[in-house]
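A.B. asks: One structure is given below, represented as structure tokens, and several questions about it will come after.
Numbering (our numbering), first residue to last: 2 to 354.
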């Protein structure tokens with residue numbers, strides 16, 4: 002690098018730690034020495050810029066100088082990157098050494114910088130030659146088909162009058178096509194003039210509208226104060242509306258919960274009432290089963306007492322009075338039903354006072 006004229010001092014210790022900035026500066030300087038007309042920006046501030054810079058350098062060296070380098074080693078910017086840099090530096094060093102080595106052959110060596118324009122011209126000519134060669138090859142492929150037609154046309158005798166008439170027809174066709182092209186060109190020019198005039202009108206209208214808009218923006222409307230005041234009031238009313246709407250939604254939810262709980266309690270009360278009715282019905286049936294045999298027993302004792310002979314006293318069996326019997330088997334006032342009242346009437350009918 003020193004023999005090539007690199008402005009900085011570079012040693013092997015510079016690459017013991019990765020230094021992408023130094024590698025990028027060396028590569029950019031080498032490419033500029035190889036081709037001063039190259040336009041590769043030295044932007045390595047971000048990771049994407051560094052990757053793009055390495056890819057651009059590698060692609061440029063492959064296409065322009067036919068030097069293949071490893072982009073990954075260059076991106077690592079360590080000791081392996083030195084080998085890739087030496088590939089480019091060795092080409093430039095060999096060119097300088099050949100130019101200064103032999104005085105007899107120095108006239109045949111040319112400066113690379115001065116010959117870059119001719120190199121570009123040669124490349125463009127080479128691409129043009131390849132295109133023309135492809136076209137010529139395609140035309141020669143049709144030679145087998147056109148040979149017979151050409152032989153027939155050449156062998157056929159032509160009369161001068163017929164040939165002149167054919168030429169005149171072709172000339173007339175060319176003149177007609179030329180007139181048509183001129184007419185179309187005049188129409189296009191007229192359309193272009195109309196379009197230009199319309200564009201100018203639109204530009205003028207646009208300028209007027211922009212000026213009008215600027216004037217309207219600079220002028221404050223008379224109703225703007227009232228509009229701002231109404232807008233503030235509307236914002237306050239909207240806040241009030243949102244609060245009331247939320248409160249109403251909350252109260253509706255509470256009301257629905259209350260109705261649901263009330264319905265559950267009502268259903269539970271109905272179930273309890275139904276159970277109580279079933280229980281009272283069972284108690285009434287048990288009461289009927291216990292009272293009727295006792296009443297029959299009391300009645301039979303009374304009849305036996307009446308059949309006893311006079312003068313003999315027998316102590317009668319204790320007979321429950323009607324009120325004691327009622328008091329004994331009478332249900333509470335809370336559980337009294339229609340069936341219990343029927344039982345009391347039946348006992349009153351059987352048991353004497």
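Think of the CB as a built atom: it goes at the ideal place given N, C-alpha and C, for glycine as much as any other residue. Every value quoted in this text rests on a predicted model; they were computed, and no experiment measured them.
Taking all protein chains shown into account, do 16 or more other C-beta atoms lie within 10 angstroms of the C-beta of residue 104, making it buried, or fewer, making it exposed?
C.D. replies: Confidence in residue 104 is poor, its pLDDT being 47 and thus under 50, which makes the residue's placement too unreliable to answer from.
A.B. asks: Please report the distance separating the alpha-carbon of residue 248 from that of residue 241.
C.D. replies: Straight-line Cα distance between these residues: approximately 11 angstroms.
A.B. asks: For the alpha helix (DSSP H) holding residue 156, just list the boundary residues, first then last.
C.D. replies: Unbroken alpha helix (DSSP H) run through residue 156: 144-156.
A.B. asks: Anyone know if the C-beta pair for residue 2 and residue 27 falls short of 8 angstroms?
C.D. replies: It is a contact, given that the beta carbons lie within the stated cut-off.
A.B. asks: Check residue 176 in the structure and name its three-state DSSP category.
C.D. replies: Helix at residue 176.
A.B. asks: State buried or exposed for residue 228, treating a residue as buried only when at least 16 other CB atoms are found within 10 Å of its CB.
C.D. replies: Counting Cβ neighbours within 10 Å, residue 228 comes out exposed, since fewer than 16 surround it.
A.B. asks: Within 10 angstroms of the Cβ of residue 70, are there 16 or more other Cβ atoms? Answer buried if so, exposed if not.
C.D. replies: Residue 70 is buried by the Cβ-count criterion.
A.B. asks: According to DSSP, is residue 7 helix, strand or coil?
C.D. replies: Three-state DSSP puts residue 7 in coil, outside helix and strand.
A.B. asks: So, for residue 221: in the same chain, excluding its five sequence neighbours on each side, which residues have a beta-carbon less than 8 angstroms away from its beta-carbon?
C.D. replies: There are no such residues.
A.B. asks: According to DSSP, is residue 133 helix, strand or coil?
C.D. replies: Helix at residue 133.
A.B. asks: Between the C-alpha atoms of residue 190 and residue 202, what's the straight-line distance to the nearest angstrom?
C.D. replies: Taking the straight line from one Cα to the other gives about 18 angstroms.
A.B. asks: Hey, residue 24 and residue 78 are a contact pair by Cβ (cut 8 angstroms); roughly how many whole angstroms apart?
C.D. replies: The Cβ separation is near 5 angstroms, so the contact holds.
A.B. asks: Tell me the DSSP secondary structure of residue 360 in three-state form.
C.D. replies: Nothing in the structure corresponds to residue 360, since the chain is present only between 2 and 354.
A.B. asks: Ends of the alpha helix (DSSP H) at residue 59?
C.D. replies: That run of the alpha helix (DSSP H) goes 48-61.
A.B. asks: Do you know how far the Cα of residue 231 is from the Cα of residue 225?
C.D. replies: Cα-Cα distance, rounded: 10 angstroms.
A.B. asks: Pop quiz: residue 16 and residue 83 are said to be a contact at Cβ under 8 angstroms. What is the actual Cβ separation, rounded to whole angstroms?
C.D. replies: Right, the Cβ-Cβ distance comes to about 6 angstroms (below 8 angstroms), so this counts as a contact.
A.B. asks: From what residue to what residue does the alpha helix (DSSP H) around residue 23 run?
C.D. replies: Start and end: 21-35.
A.B. asks: Report the three-state DSSP secondary structure of residue 224 (helix, strand or coil).
C.D. replies: Reduced to three states, the DSSP call for residue 224 is coil.
A.B. asks: For the alpha helix (DSSP H) holding residue 75, just list the boundary residues, first then last.
C.D. replies: From DSSP, the alpha helix (DSSP H) with residue 75 extends over 72-77.
A.B. asks: Using the Cα positions of residue 278 and residue 250, report the straight-line distance between them to the nearest angstrom.
C.D. replies: Answer to the nearest angstrom: the Cα atoms are 42 angstroms apart.
A.B. asks: If we count the other Cβ atoms within 10 Å of its Cβ and call it buried at 16 or more, is residue 285 buried or exposed?
C.D. replies: Classification for residue 285: buried.
A.B. asks: How many angstroms separate the CA atom of residue 149 from the CA atom of residue 138?
C.D. replies: About 19 angstroms.
A.B. asks: Tell me whether the beta-carbon of residue 5 lies closer than 8 angstroms to the beta-carbon of residue 93.
C.D. replies: A contact, by the Cβ cut-off of 8 angstroms.
A.B. asks: For residue 210, count neighbouring C-beta atoms within 10 Å of its own C-beta (all shown protein chains included) and say buried if the count is 16 or more, exposed if not.
C.D. replies: Residue 210 comes out exposed.
A.B. asks: Check the Cβ-Cβ distances between residue 209 and every residue of chain B, and say whether any is below 8 angstroms.
C.D. replies: Structure shown: chain B not included; a single protein chain is present.
A.B. asks: Please state the DSSP three-state secondary structure of residue 18.
C.D. replies: Reduced to three states, the DSSP call for residue 18 is coil.
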